[in-house]
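Just so you know, the working numbering puts 59 at position 58 of the sequence shown, and the rest follows in order with no gaps. Backbone N, C-alpha and C fix where the C-beta goes; we use that ideal spot for every residue, glycine too. Predicted model only: the values in this text are computed from it and were never measured. Below is one structure; the comments refer to it alone.
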Amino acid sequence: MAPQVEFHTGVADPVHFACRLLRKAYRQRSTLAVRAPASTLAALDRALWVFEPQDFVPHLLLHAGSTDAAALRRTPIWLVEGAVPDPGPAVLVNLGAEIDAADGRFARLIEIVGTDADAVRAARQRWRRCEQFGWPIRHHPAGGAKASG
Numbered sequence: 002m003a004p005q006v007e008f009h010t011g012v013a014d015p016v017h018f019a020c021r022l023l024r025k026a027y028r029q030r031s032t033l034a035v036r037a038p039a040s041t042l043a044a045l046d047r048a049l050w051v052f053e054p055q056d057f058v059p060h061l062l063l064h065a066g067s068t069d070a071a072a073l074r075r076t077p078i079w080l081v082e083g084a085v086p087d088p089g090p091a092v093l094v095n096l097g098a099e100i101d102a103a104d105g106r107f108a109r110l111i112e113i114v115g116t117d118a119d120a121v122r123a124a125r126q127r128w129r130r131c132e133q134f135g136w137p138i139r140h141h142p143a144g145g146a147k148a149s150g
């Protein structure tokens, strides 16, 4: 079964957007994995600690190649560099990492795309990959109406 893919584009601050999304998911008792380059994950990890002083979003930063099965089982938000350990959450939030056919195991794939030219160019490539895999895509432009693509 193909994942439901959502592209949130034109996001002024992808890390802040991700913090809001993760807080909402945690409040709804959802579990998710966030995949991104190491520098983005480090920024997200820091931001989650100070995002809302009265809130706490439990998360675990998992570097490429490392696993801690016990910690993963009790942590709802995984920040992952590289492949997401299996079994994992049903939802993958992607902040600029490459996608491949193996990501079809997720029920949902949420892409958060910034405004800089490199991020937009890379997101277009990921969009084309999703189309090649036959995954349905919904587009959510920042500040705009929802559209399907």
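Below 8 Å CB to CB, which residues in the same chain sit around residue i once its five sequence neighbours on both sides are set aside?
| i | result |
| --- | --- |
| Pro59 | Tyr27, Thr76, Pro77 and Ile78 |
| Phe134 | Ala3, Ala102 and Gly105 |
| Leu45 | Val16, Ala19, Cys20, Val35, Ala37, Leu80 and Leu96 |
| Asp87 | Arg106 |
| Asp69 | Leu61 and Leu63 |
| Ala13 | Gly115, Thr116 and Ala143 |
| Glu132 | Ile138 |
| Asp56 | Arg24 |
Measure the CB-CB distance between residue i and residue j and report whether it falls below 9 Å.
| i | j | result |
| --- | --- | --- |
| Pro4 | Leu62 | no |
| Gly11 | Ala143 | yes |
| Val85 | Arg130 | no |
| Leu80 | Pro38 | no |
| Ile111 | Glu7 | yes |
| Arg30 | Glu53 | no |
| Leu42 | Ile113 | no |
Could you pull the start and end residues of the alpha helix (DSSP H) that residue i belongs to?
| i | result |
| --- | --- |
| Val51 | Ala39 to Val51 |
| Val16 | Pro15 to Arg28 |
Looking at the unbroken beta strand (DSSP E) that takes in residue i, where does it start and where does it end?
| i | result |
| --- | --- |
| Trp136 | Per DSSP, Trp136 belongs to no beta strand (DSSP E) and is neither H nor E. |
| Ile100 | That residue, Ile100, is in no beta strand (DSSP E); it is neither H nor E in DSSP. |
| Val92 | Val92 to Asn95 |
| Thr5 | Note that residue 5 is Gln in the sequence shown, not Thr. Gln5 to Thr10 is the extent of the beta strand (DSSP E) around Gln5. |
Leaving out the 5 sequence neighbours to the left and right, which residues in its chain are closer than 6 Å to residue i when beta-carbon positions are compared?
| i | result |
| --- | --- |
| Ala48 | Val16 and Cys20 |
| Ala123 | none |
Identify the residues that DSSP records as bridge partners of residue i: which are they?
| i | result |
| --- | --- |
| Phe107 | Paired residues: none, contrary to the question. |
| Trp128 | Beta-bridge pairing links Trp128 to no other residue. |
| Leu80 | Val35 and Leu62 |
| Pro142 | Thr10 |
Which same chain residues, not among the five before or five after residue i, have their C-beta less than 7 Å away from its C-beta?
| i | result |
| --- | --- |
| His64 | Glu82 |
| Ala120 | Gly97 and Val114 |
| Trp128 | Phe8 and Ile138 |
Pick out whichever of the options has its Cα sitting closest to the Cα of residue i.
| i | options | result |
| --- | --- | --- |
| Ala72 | Gly89, Leu45 and Asp56 | Gly89 |
| Thr32 | Asp56, Glu132, Val51 and Ala91 | Ala91 |
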